[in-house]
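A short write-up of the structure that comes next.
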Amino acid sequence: MSQLKIFNTLTREKEIFTPLLAGHVGMYVCGPTVSGESHLGHARPYITFDVLYRYLLHLGYKVRYVRNITDAGHFEEEGREAEDKIAKKAVLEQLEPMELVHKYTSLFHWAMQQFNTLQPSIEPTATGHIVEQIGMIEQLITAGYAYVVNGSVYFDVKKYAASHDYGKLSGRVMEDLFEGTRELEGQEEKRDRADFALWKQAAPEHIMRWKSPWGIGYPGWHIECSAMATKYLGARFDIHGGGMDLQFPHHESEIAQSTICNHESPAKYWMHNNMITINGRKMGKSYNNVIKLTELFSGSHPILEKAYSPMTVRFFILQTQYRSTLDFSNEALQAAERGWKRLWEAYAWLQQEVLQGGAEAKDKILDEKVNKLVDELEDFINDDLNTAKVLANLFELVPIINGIKDKHIAADALRAGTIDKMKKRLKVFVEDILGLMGENAKENKYLEGVMELVMELRKDARRQKDFATSDQIRNKLAALGIQLKDEKDGGMSYTLE
RNA sequence: GGUCCUGUGGCCGAGUGGCUAGGCAGAGCUCUGCAAAAGCUUCUACAGCGGUUCGAAUCCGCUCGGGACCUCCA
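Quick note: the first sequence, position 85, residue 84 per numbering that gives the first Met the number 0, numbers continuous.
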């Protein structure tokens, strides 16, 4: 039996996962900034870490999964006039910051539910932890690693770097950070260009503002994650995850702050998912190529040829190992859609069917193959969550399952034990770990009943060779997006578009 | 400019130095009242040039191409 190995950004190696506290796992994942709608790019980390969370639970760990909601603004552009992202947009949209934040938080939750992600154990908000953030900043000042200028507080990176390895996580070279080609405008408050804000004084027009020992202001970019992770997971915890783009400066700075306050490096394993690209280009606000999740599900973005269901997207994301970039295209999504449908139909049939396997395998070679394919699933997921390989094996099982269904393969070609194992393991992997689910499952019982009736009528028509009627039924349903399929034994099934 | 990643068949994507990844699409066949679905078969690649090696998609070097981070970002 293999052990779970995960790629640790800190060491750039795959390491065997061993929790700090036996049986428990503390996991922190950087959540969304809810100043706008979630987009396709957001889907990747939350689905990736959902699979990790599910897998850890499956392994029997008691997991505390913390994923924050960033609802306090950060700087739009460091050095310029402090512009709170949320506050700025709120003015434009004539909304209260909290109203805006609430709207996008709800939308985010809705999208995550569509993706069938499990809820984190705790989902703390930045605005709900101002006190903790101020407390941490005070600690940093007391320790001598932060300084106050005009009501703002900055972290002294140079001082930290003298005794710590700032840049370790992101592979940054200190000299490059300090030797700025040129001072950016409005940075005169900082002692060094590498320093970062812990607290910013709020300009009068700033809507989001809190009282602090340094005056009215709002928290800096990185402090919320340090404060909340410390509060809920302790000084040192197991896993910290997020997108690769957060490695620097966000996570690097988080490590620095937490290390000074807690006297140890916060996370044992740092995990970073790669980006989703569109036509080879990273999706991002600055590139103007953002596909929002609502647009993706409804097909309303100009890039999209059609709507793609949440499960199609989830499947699409899982078809790639999380550390590789994933390129989006209509062609790739449509391929995923078909593949996903085929996989699920074979899987669902297997689950609901009672098969009589043999006491001995009639086809020993096939039996061995099935066992191998099933056994390997665990090795693949253990190998830094290689969901791509897990899915490849599942696909290799599909023709075998369909072969049994179509009676090309006799059920007793396989041992009863093999069939049982395949059935159970597939359920664990497909549903529990990969978090995939049938999209027809949510249809209501009335439709189910009506379809039964319609299919009976069509079967009658076919028996009487009344093909005009049978074709009419099939064609009209097809126009509604319901596809009928005649089966070998005279049975009939349907799938919804 | 600095740091780093990457270049696989029509498309997407796994690949631990030696053995078929897988998916989608295409072609042929089987099944079928016709379809659809499914099954079987098939097409089949490792950017280029050198090097290491008995043997490289996999290691090294160079060239060319793509990307990420250094600034908000999943």
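Every residue, glycine too, gets a C-beta built ideally from N, C-alpha and C. From a predicted model like this one, the values you see are computed outputs, not experimental measurements.
Using a Cβ-Cβ cutoff of less than 7 Å, which residues in the same chain neighbour residue i once the five nearest sequence positions on both sides are dropped?
| i | result |
| --- | --- |
| Tyr346 | Leu425 and Val429 |
| Glu486 | Ser492 |
| Met173 | Ala160, Tyr165 and Gly166 |
| Asn401 | Ala345 |
| Leu55 | Val24 and Val62 |
With a threshold of 8 Å on Cβ separation, who are the neighbours of residue i within its own chain once the five nearest residues in sequence on each side are excluded?
| i | result |
| --- | --- |
| Tyr146 | Ile140, Val152, Tyr153, Asp155 and Arg190 |
| Leu483 | Met454, Arg457, Ile472, Arg473, Leu476, Ala477, Met491, Ser492 and Tyr493 |
| Asp382 | Ser1, Lys4, Lys13 and Lys388 |
| Asn149 | Glu188 and Gln200 |
| Gly356 | Ala410, Asp411, Leu413, Arg414, Ala415, Gly416, Thr417, Ile418 and Asp419 |
| Ile259 | Gln138, Leu139, Ala142, Tyr144 and Tyr159 |
| His128 | Glu223, Ala226, Met227 and Lys230 |
In whole angstroms, what is the alpha-carbon distance linking residue i and residue j?
| i | j | result |
| --- | --- | --- |
| Thr324 | Leu390 | 18 Å |
| Ile432 | Val50 | 6 Å |
| Gly233 | Gly298 | 43 Å |
| Leu99 | Asp70 | 9 Å |
| Gln138 | Ala161 | 19 Å |
| His101 | Pro398 | 47 Å |
| Asp366 | Leu476 | 40 Å |
| Gly490 | Asp244 | 52 Å |
| Pro309 | Glu188 | 47 Å |
| Tyr60 | Leu349 | 29 Å |
| Gly242 | Thr8 | 12 Å |
| Pro212 | Ile68 | 25 Å |
| Gln318 | Phe394 | 11 Å |
| Phe16 | Met436 | 28 Å |
| Ser252 | His221 | 7 Å |
| Met135 | Glu344 | 53 Å |
| Asn329 | Glu304 | 6 Å |
| Ala81 | His205 | Summary for Ala81: the model assigns pLDDT 39, below 50, so the residue's position carries little reliability; its value from the coordinates is reported in the next sentence. One C-alpha to the other measures close to 8 Å. |
| Asn272 | His23 | 23 Å |
| Asp459 | Ser285 | 60 Å |
| Phe6 | Glu95 | 42 Å |
| Lys420 | Asn370 | 8 Å |
| Tyr321 | Arg43 | 8 Å |
| Ser225 | Arg337 | 43 Å |
| Lys268 | Gly480 | The sequence shown places Tyr at residue 268, not Lys. Straight-line Cα distance between these residues: approximately 46 Å. |
| Ala358 | Glu377 | 26 Å |
| Gly283 | Asp405 | 47 Å |
| Gln45 | Tyr307 | Residue identity differs from the one stated: residue 45 is Tyr in this sequence, not Gln. Whole-angstrom Cα-Cα distance: 18 Å. |
| Lys444 | Met450 | 10 Å |
| Gln521 | Lys422 | Since the first and last residues shown for the chain are 0 and 496, residue 521 lies out of range. |
| Ala498 | Asn287 | What the structure shows of the chain is the stretch from 0 to 496, and residue 498 is not part of that stretch, so it cannot be assessed. |
| Gly30 | Ala125 | 11 Å |
| Ile380 | Lys464 | 51 Å |
| Pro265 | Leu384 | 23 Å |
Excluding five sequence neighbours on each side, which residues of the same chain lie with their C-beta closer than 6 Å to the C-beta of residue i?
| i | result |
| --- | --- |
| His250 | Leu168 |
| Gly240 | Val28, Phe48 and Met270 |
| Arg235 | Glu263 |
| Pro18 | Val24 and Asp237 |
Using a 10 Å radius around the Cβ and a threshold of 16 neighbouring Cβ atoms, would you call residue i buried or exposed?
| i | result |
| --- | --- |
| Leu342 | buried |
| Asp237 | buried |
| Gln256 | buried |
| Asp470 | exposed |
| Gln112 | exposed |
| His38 | buried |
| Leu495 | exposed |
| Leu452 | exposed |
| Val33 | buried |
| Asp488 | exposed |
| His407 | exposed |
| Pro301 | exposed |
Would residue i and residue j qualify as a contact pair, given that the criterion is a beta-carbon distance under 8 Å?
| i | j | result |
| --- | --- | --- |
| Glu375 | Lys230 | no |
| Asp326 | Thr276 | yes |
| Arg53 | Leu117 | yes |
| Leu295 | Phe315 | no |
| Val65 | Met26 | yes |
| Ile561 | Leu372 | No information on residue 561 is available, as it lies outside the stretch 0 to 496 that the chain covers here. |
| His57 | Val427 | yes |
| Ala196 | Gly214 | no |
| Trp198 | Gly216 | yes |
| Gly40 | Tyr103 | no |
Inset, instruction - Return the chain-ordered ranges of every beta strand (DSSP E) run that is complete within the stretch 436 to 487 and spans a minimum of 3 residues. - result: 481 to 485
Inset, instruction - Could you name each continuous alpha helix (DSSP H) segment of 4 residues or more that falls completely within the stretch 274 to 352, going from the start of the chain to the end? - result: Fully enclosed alpha helix (DSSP H) runs of 4 or longer: 292 to 297, 309 to 317 and 329 to 351.
Legend entry - Completely contained alpha helix (DSSP H) runs for the stretch 371 to 431, where each covers 4 or more residues: 386 to 404 and 415 to 426
Legend entry - Any beta strand (DSSP E) of 3 or more consecutive residues that is wholly inside the stretch 129 to 217: 145 to 148, 151 to 154, 195 to 200 and 209 to 211
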